[in-house]
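> Okay, so the sequence shown: first residue is 33 according to our numbering, each after it adds one.
C-beta atoms are modelled at their ideal positions from N, C-alpha and C, and glycine is treated no differently.
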Amino acid sequence: MVRKASEYQSDVWNDWCPGCGDFGIVAAMYRAFSELDLPPEKTVIVSGIGCSGKTPHFVNVNGVHTLHGRAIPFATGIKLANPDLTVIVNGGDGDLLGIGAGHFVALGRRNIDLTIILHDNTVYGLTKGQASPTLKRGLRPKSLPKPNIQDAVNPISLALASGFTFIARGYSMMTEHLKELIKKAIQHKGAALIDVLQPCVTYDNIHTVEYYKKRVYKLEDTGWNPIVEKIEERDDKIIKAWMKSQEYDEKIPIGVFYQDPHTPTFEERIKERIPSYHVTPPARQKIEREGKPIIDEEVFRKVFSYYIVKTE
Ligand code: SF4
Numbered sequence: 033m034v035r036k037a038s039e040y041q042s043d044v045w046n047d048w049c050p051g052c053g054d055f056g057i058v059a060a061m062y063r064a065f066s067e068l069d070l071p072p073e074k075t076v077i078v079s080g081i082g083c084s085g086k087t088p089h090f091v092n093v094n095g096v097h098t099l100h101g102r103a104i105p106f107a108t109g110i111k112l113a114n115p116d117l118t119v120i121v122n123g124g125d126g127d128l129l130g131i132g133a134g135h136f137v138a139l140g141r142r143n144i145d146l147t148i149i150l151h152d153n154t155v156y157g158l159t160k161g162q163a164s165p166t167l168k169r170g171l172r173p174k175s176l177p178k179p180n181i182q183d184a185v186n187p188i189s190l191a192l193a194s195g196f197t198f199i200a201r202g203y204s205m206m207t208e209h210l211k212e213l214i215k216k217a218i219q220h221k222g223a224a225l226i227d228v229l230q231p232c233v234t235y236d237n238i239h240t241v242e243y244y245k246k247r248v249y250k251l252e253d254t255g256w257n258p259i260v261e262k263i264e265e266r267d268d269k270i271i272k273a274w275m276k277s278q279e280y281d282e283k284i285p286i287g288v289f290y291q292d293p294h295t296p297t298f299e300e301r302i303k304e305r306i307p308s309y310h311v312t313p314p315a316r317q318k319i320e321r322e323g324k325p326i327i328d329e330e331v332f333r334k335v336f337s338y339y340i341v342k343t344e
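#1: DSSP three-state label for Ala-191, please.
#2: With a cut-off of 8 Å, do at least 3 Cβ pairs link the segment 104 to 122 to the segment 67 to 76?
#3: If Val-260 sits next to His-294, beta carbons under 8 Å apart, how far is it from one beta carbon to the other, in whole angstroms?
#4: State the CB to CB distance for the pair Arg-169 and Asp-183, rounded to an integer number of angstroms; the pair is presumed to be in contact (CB under 8 Å).
#5: Taking C-beta to C-beta, are Ile-104 and Glu-299 nearer than 9 Å?
#6: Once you ignore the five residues that flank Gly-80 on each side, which residues in its own chain have a CB closer than 7 Å to its CB?
#7: What did DSSP end up calling His-100 once you bin it into helix, strand or coil?
#8: DSSP on His-310, reduced to helix/strand/coil?
#9: Report the CB separation of Gly-161 from Tyr-235 in whole angstroms; it is logged as a contact under 8 Å.
#10: What runs of the alpha helix (DSSP H), each 4 residues or longer, lie entirely inside the segment 232 to 256?
#11: I'd like to know if the segment 185 to 201 and the segment 221 to 233 are in contact, where contact means that at least 3 CB-CB pairs between them fall below 8 Å.
#12: Would you mind reading off the limits of the alpha helix (DSSP H) that contains Asp-227?
#13: Per the DSSP calculation, Gln-291 is bridged to which residue(s)?
#14: Using CA atoms only, rank isn't needed, just tell me which of Gly-140, Arg-142, Leu-167 is closest to Asn-153.
#15: Measuring CB to CB, does Leu-70 end up less than 9 Å from Val-93?
#16: Quick check on the DSSP output: the beta strand (DSSP E) that includes Val-78 runs from which residue to which?
#17: Run the proximity test for Gln-162: is its beta-carbon closer than 8 Å to any non-hydrogen atom belonging to the ligand SF4?
#18: Would you identify the three-state DSSP class for Val-137, choosing helix, strand or coil?
#19: CB Ile-57 to CB Ile-149, shorter than 9 Å?
#20: Looking only at its own chain, which residues have a Cβ that is under 8 Å from the Cβ of Glu-320, when we skip the five neighbours before and after it?
#21: Throw me the rounded Cβ distance for the Trp-274 and Leu-192 pair, which I believe falls under 8 Å.
#22: Which residue wins for smallest C-alpha separation from Ala-138, given the options Ser-194, Asn-46, Pro-88, Gly-287?
#23: Going by DSSP in three states, Lys-318 sits in which element: helix, strand or coil?
#24: Would you decide whether Pro-231 is buried or exposed? Buried here means 16 or more other CB atoms lie within 10 Å of its CB.
Have a look at this one:
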């Protein structure tokens, strides 16, 4: 029997501010997980620091609330050690595109089968609303003493340039639409990004629900086809998606911008070198024989000599 959405909801007290867009994201996740019937024991959510970092606490699957900016490397290790798992990263714009930007780019280059849910609210909400990497230059939400002096990063354009093979934008207040995007991203084989527009009702009085209501429209309603049907079309589709990603002012498109099912995942690239990778990935390899660790003592000493404390 398919698990209900409510079965994915944990009983941990949720302290996000009332009205925060994060509630829409987690609600869409519960419903997407239910419709995909994701086994909790085979699903992992990894987060960094920020309001979004609390997400794993609120979902009844495995979770790691890790270091600022380091959710993607943690998720990479989990996925590559055990490629049978469904691994999802929830991170803020500051976390993933500021301190974690290098990891974001590296994930695109590798095309590891991870789903990134980017809580895009243009501010560092947990630390009282400083400008995040997605806040445009010249804007001044009420939390800033002066207008933002830096230019913004466009997550869709950066993902295209980095090599992500599934790139979408959702809006946290349109949970039915967002749920479908999350399902598609999880089902896609490769690095998937969903940039989720998420109002921070406490610190950002510019990107409000009213603001998005006037601007957001669905790409699919315009006949947009994001799929790279043949490999020869890839460059053309990337250029078209990049041009569409620049539309972000009076009108803001949401939906799937780009999907490439042809580029091999990192896991497939590893399998080319190590044919047994999927049969015995690191998580299924033996680490002991007859009660003793299987390890080359000399290699161990060389690698860990710095940490070995002599007690004699
Ligand atoms: Fe949401 Fe902003 Fe409150 Fe954080 S500070 S929980 S992003 S409304």
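This is what the structure gives:
#1: The sequence position of residue 191 within the sequence shown is 159, counting from 1. The answer is helix: DSSP assigns Ala-191 an H, G or I state.
#2: yes
#3: Translated into positions along the sequence shown, residue 260 becomes position 228. Translated into positions along the sequence shown, residue 294 becomes position 262. With 8 Å as the limit, Val-260 and His-294 qualify as a contact, their Cβ atoms being about 6 Å apart.
#4: Counted from its first residue, the sequence shown places residue 169 at position 137. Counted from its first residue, the sequence shown places residue 183 at position 151. Their Cβ separation, rounded to whole angstroms, is 5 Å, which keeps Arg-169 and Asp-183 in contact under 8 Å.
#5: Position 72 of the sequence shown, counting from 1, holds the residue named residue 104. Position 267 of the sequence shown, counting from 1, holds the residue named residue 299. No, the Cβ-Cβ distance between Ile-104 and Glu-299 is not below 9 Å.
#6: Working through the sequence shown from its first residue, we reach residue 80 at position 48. Residues Thr-98, Leu-99, His-100, Gly-101, Arg-102, Ala-103, Gly-123, Asp-127, Gly-132 of the same chain have their beta carbon placed closer than 7 Å to that of Gly-80, with the five preceding and five following residues left out of the count.
#7: For the purposes of this step, residue 100 is identified with residue 68 of the sequence shown, where counting begins at 1. When secondary structure is reduced to three states using DSSP, His-100 falls in the coil class, being assigned neither helix nor strand.
#8: As a first step, residue 310 is located in the sequence shown; it is residue number 278 there, counting from the start. It is coil, neither helix nor strand.
#9: To locate residue 161, count along the sequence shown from 1; it is residue 129. To locate residue 235, count along the sequence shown from 1; it is residue 203. Right, their Cβ atoms sit about 3 Å apart.
#10: 241 to 247
#11: yes
#12: Residue 227 sits at position 195 when you count from the first residue of the sequence shown. From DSSP, Asp-227 is part of no alpha helix (DSSP H) but of the beta strand (DSSP E) over 224 to 229.
#13: As a first step, residue 291 is located in the sequence shown; it is residue number 259 there, counting from the start. Partner(s): Phe-198, Ile-259.
#14: On the sequence shown, residue 153 is found 121 positions in, with the first residue counted as 1. Ranking the options by Cα distance to Asn-153, first place goes to Leu-167.
#15: The count along the sequence shown starts at 1 and reaches residue 70 at position 38. The count along the sequence shown starts at 1 and reaches residue 93 at position 61. Yes, the Cβ-Cβ distance between Leu-70 and Val-93 is below 9 Å.
#16: By one-based count along the sequence shown, residue 78 stands at place 46. Per DSSP, the continuous beta strand (DSSP E) segment holding Val-78 begins and ends at 75 to 79.
#17: In the sequence shown, counting from the first residue as 1, residue 162 sits at position 130. Gln-162 Cβ: outside cutoff for every heavy atom of the ligand SF4.
#18: Your numbering for residue 137 matches position 105 in the sequence shown. Three-state DSSP puts Val-137 in a helix.
#19: For the purposes of this step, residue 57 is taken as residue 25 along the sequence shown, with counting starting at 1. For the purposes of this step, residue 149 is taken as residue 117 along the sequence shown, with counting starting at 1. Against a cut-off of 9 Å, the Cβ pair of Ile-149 and Ile-57 comes out as a contact.
#20: In the sequence shown, residue 320 corresponds to position 288, counting from 1. Sequence-distant partners of Glu-320 (beyond 5 residues in either direction) whose C-beta falls short of 8 Å from its own C-beta, in its chain, are Ile-326.
#21: Residue numbering aside, residue 274 sits at position 242 when the sequence shown is read from its first letter. Residue numbering aside, residue 192 sits at position 160 when the sequence shown is read from its first letter. That pair is a contact at about 5 Å.
#22: Here residue 138 corresponds to residue number 106 of the sequence shown, with the count starting at 1. Closest option to Ala-138, Cα to Cα, is Ser-194.
#23: To locate residue 318, count along the sequence shown from 1; it is residue 286. Lys-318: coil per DSSP, three-state reduction.
#24: As a working mapping, residue 231 is identified with position 199 in the sequence shown. Looking at its Cβ environment, which holds 16 or more other Cβ atoms inside 10 Å, Pro-231 is buried.
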